[in-house]
Amino acid sequence: MPEVTMATRAPAAASDAGTVLGVKSLEAWYGESHILHGMNFTVNAGEVVTLLGRNGAGKTTTLKSIMGMLAKRAGSVRFNNRELIRLTSDRIARLGVALCPEERGIFSSLDVRENLLLPPVVRDGGLSLEQIFELFPNLKERLSSQGTKLSGGEQQMLAIARILRTGASFLMLDEPTEGLAPVIIQQIGHTIARLKKEGFTILLVEQNFRFASTVADRYYVVEHGKVIDGFSNAELPANMDKLHGYLGV
Amino acid sequence: MQALYAQLLVGLINGSFYALLSLGLAVIFGMLNIINFAHGALYMIGAFCAYFLLNIAGLGYWWALLLAPIIVGIFGMVLERTMLQWIAGLDHLYGLLLTFGLALILQGVFQNFFGSSGLPYAIPDQLRGGMNLGFMFLPIYRGWVVVFSLVVCIATWFLIERTRLGAYLRAATENPTLVRAFGINVPRMITLTYGLGVGLAALAGVLSAPINQVRPLMGENIIIVVFAVVVIGGMGSIMGSIITGFALGVIEGLTKYFYPEASNTVVFVLMVLVLLVKPTGLTGRAA
Chain A
319 MPEVTMATRA
329 PAAASDAGTV
339 LGVKSLEAWY
349 GESHILHGMN
359 FTVNAGEVVT
369 LLGRNGAGKT
379 TTLKSIMGML
389 AKRAGSVRFN
399 NRELIRLTSD
409 RIARLGVALC
419 PEERGIFSSL
429 DVRENLLLPP
439 VVRDGGLSLE
449 QIFELFPNLK
459 ERLSSQGTKL
469 SGGEQQMLAI
479 ARILRTGASF
489 LMLDEPTEGL
499 APVIIQQIGH
509 TIARLKKEGF
519 TILLVEQNFR
529 FASTVADRYY
539 VVEHGKVIDG
549 FSNAELPANM
559 DKLHGYLGV
Chain B
229 MQALYAQLLV
239 GLINGSFYAL
249 LSLGLAVIFG
259 MLNIINFAHG
269 ALYMIGAFCA
279 YFLLNIAGLG
289 YWWALLLAPI
299 IVGIFGMVLE
309 RTMLQWIAGL
319 DHLYGLLLTF
329 GLALILQGVF
339 QNFFGSSGLP
349 YAIPDQLRGG
359 MNLGFMFLPI
369 YRGWVVVFSL
379 VVCIATWFLI
389 ERTRLGAYLR
399 AATENPTLVR
409 AFGINVPRMI
419 TLTYGLGVGL
429 AALAGVLSAP
439 INQVRPLMGE
449 NIIIVVFAVV
459 VIGGMGSIMG
469 SIITGFALGV
479 IEGLTKYFYP
489 EASNTVVFVL
499 MVLVLLVKPT
509 GLTGRAA
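Protein chains in written order, with my numbering: chain A, 319 to 567; chain B, 229 to 515.
Take a look at the structure:
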């Protein structure tokens, strides 16, 4: 992969303690279903933090709750010292939070270029189109294709690329490697490592913890809508058995 | 032969109204998921707006073309903010019932004050008279209606399919939650879209005023045909609504010439056929 030169970005101002995201007692409901029963975790500036857990544990719901996409939420979500729990998702996005959803959310009624340019620039510090094309060269060739005509891997690149333009400093990636070929997964791993170097803070949801271990600084294990364990990357080898137990692999 | 061309012209004119009205309906259904039964009443109010602008404010046709869509569009946005937004996301039936009720109320109010007979609205001086094309005599105003409607339809299509704003609209139609999570004020966009659809209806009303007179029930008859047009063309398909609108107007006109007994029903027969063969409409995307 060619060396990408990006102008050094100053990461968006984190709070003094370096905590970008502080989630406390976060609860969430889909209609009547009580999905999150009190999530507690933090993400510090420049970190890649991974939420691990089985299907249905509440990882995606957590990301969507932070993003304000769930109507019924309770608890506290502090982002750079701003409370997000009462805000609508467009307000939250404008504060510098961006989500790459699990289903990717590529719009079929838009071509690739329109998909890429759709999320508005909400603050300075976002990548330029040139920088994005350096990271994802195949996107440049497919600009006029219909968004959903791209392969799974290309759609994933597009879904990540479009939130890099916005100037959001805190990215939430929901299962970015799901269903993708190993070569693409490697590319995504390189991309995340690159973004980390550029000062982005990333909250990752992954089932593939082998992939997560190549990029993550810390892990939280989620079960039944609660965080039941957490450890750093250094502690990972010692906790492998425990982790296998949690994830049922 | 003259009669055929005359009937074709009537068909094109009706097709212009069908296209403008079904375009607004399609845009509203795409974004709001509401079957806007009030559309015919808003078309009527557009015509009345032109009438009031002339007879109360002394503002003529050209002012009406500009102001009536804006005024009625704003009225539509008020309707959306006060009533329609609360039923968004519910079953289509609620939108249909609510807007149907609105249509009855609006028509009833106007009927109360103006009865059922038509009020006159003169063709503007600049568009009076006609041209002899050799194979037929073309009244200038009628030619203007067709050309102007085409221009407005194509401009609307361009706005939606080829501009940045249109991309927001198309994306929000597909996945409003995600678009909002990118930082776009989707509720405001929805309001403006309803206003746009309503504005198009009012514009059709102004165009129609010199031809069809200004009557409280003028929307009632046309709205049923327009729904058939939208079903045939494909709900939510912009180009589909435009092409189908003009085409069905022409088909209606031809039927009137060749087999007049069927002219009132031909559109509905086609609608039934399309529903049986391709329910999403001729150009509609699969739901």
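Note that the Cβ used here is the ideal one computed from N, Cα and C, for glycine as well.
To which residues of the same chain is residue i closer than 6 angstroms at the C-beta, ignoring the five residues directly before and after it?
i	result
E402 (chain B)	none
I299 (chain B)	C277
Q235 (chain B)	G481, K484 and Y485
G304 (chain B)	Y422, G423 and V426
I502 (chain A)	G471
A392 (chain A)	E345
P352 (chain B)	Y289
Between residue i and chain A, is there a C-beta pair that is closer than 8 angstroms?
i	result
D319 (chain B)	no
R309 (chain B)	no
A254 (chain B)	no
A399 (chain B)	yes
F257 (chain B)	no
N413 (chain B)	yes
R408 (chain B)	yes
Comparing the C-beta of residue i with each C-beta of chain B, is any distance below 8 angstroms?
i	result
D408 (chain A)	yes
V440 (chain A)	yes
G423 (chain A)	yes
Q412 (chain A)	Note on identity: in this sequence residue 412 (chain A) is Arg, with Gln being the wrong assignment. Closer than 8 angstroms to some Cβ of chain B, the Cβ of R412 (chain A) qualifies, so yes.
M385 (chain A)	yes
P555 (chain A)	no
G461 (chain A)	Residue identity differs from the one stated: residue 461 (chain A) is Leu in this sequence, not Gly. Output row for L461 (chain A): interface = no.
L370 (chain A)	no
L339 (chain A)	no
Under 8 angstroms Cβ to Cβ from residue i, same chain only, skipping five residues before and after it: list those, please.
i	result
L334 (chain B)	A266, A269, L270, M272 and I273
A530 (chain A)	T368, L370, L522, E524 and Y537
A375 (chain A)	V540, E541, H542 and G543
L445 (chain B)	M272, Q335, Q339 and S344
Taking residue i as the query, report the chain A residues whose CB atoms sit under 8 angstroms from its CB, ordered along the chain.
i	result
N403 (chain B)	G423 and F425
Per the DSSP calculation, residue i is bridged to which residue(s)?
i	result
L521 (chain A)	A:V367 and A:M490
G340 (chain A)	A:T360 and A:R396
H562 (chain A)	H562 (chain A) pairs with nothing; no bridge assigned.
P367 (chain B)	B:G358
W347 (chain A)	A:H352 and A:K390
K544 (chain A)	A:E541
R536 (chain A)	A:V367 and A:S550
V442 (chain B)	B:L347
Q464 (chain A)	A:D429
What in chain B is Cβ-close to residue i, meaning under 7 angstroms?
i	result
E432 (chain A)	A395
P437 (chain A)	F410 and G411
Just to make sure I have the definition right: I need the residues of chain B whose C-beta is within less than 8 angstroms of the C-beta of residue i. Which are they?
i	result
P494 (chain A)	The contacting residues do not exist; P494 (chain A) stays about 16 angstroms from chain B at best.
L482 (chain A)	In chain order: nothing, as chain B lies at least about 13 angstroms away.
L522 (chain A)	Residues of chain B passing the Cβ test: none, with the nearest at roughly 17 angstroms.
Using a Cβ cut-off of 9 angstroms, pull out every chain A residue sitting near residue i, in sequence order please.
i	result
L324 (chain B)	Near L324 (chain B) there are no residues of chain A at all, since even the closest Cβ is about 24 angstroms away, more than 9 angstroms.
Give me the chain B residues within the contact set of residue i, using Cβ-Cβ distance strictly less than 9 angstroms, ordered along the chain.
i	result
L428 (chain A)	A395, R398, A399 and E402
L417 (chain A)	L406, A409 and F410
L457 (chain A)	Per Cβ cutoff of 9 angstroms: no residues; L457 (chain A) is ~17 angstroms from chain B at best.
Only counting the same chain, and skipping five residues up and downstream in sequence, which positions put a Cβ closer than 7 angstroms to that of residue i?
i	result
M387 (chain A)	S407
A499 (chain A)	G471
A437 (chain B)	A275, A278, Y279 and Y349
T419 (chain B)	M305, E308 and R309
E493 (chain A)	E420, V523, E524 and Q525
S491 (chain B)	E480, T483 and K484
E365 (chain A)	T519, D535 and R536
G497 (chain A)	G470
Quick one: which unbroken beta strand (DSSP E) runs of 3-plus residues sit fully inside the segment 361-423 of chain A? Chain order, please. 366-371, 390-397 and 415-418
Whole alpha helix (DSSP H) runs in the segment 459-498 of chain B with 4 or more residues, listed along the chain? 466-486
Contiguous alpha helix (DSSP H) assignments of at least 4 residues, all confined to the segment 402-454 of chain B: 404-409 and 414-440
Can you list, in chain order, the stretches of the alpha helix (DSSP H) that have 4 or more residues and sit fully within the segment 262-344 of chain B? 267-283, 289-307 and 320-342
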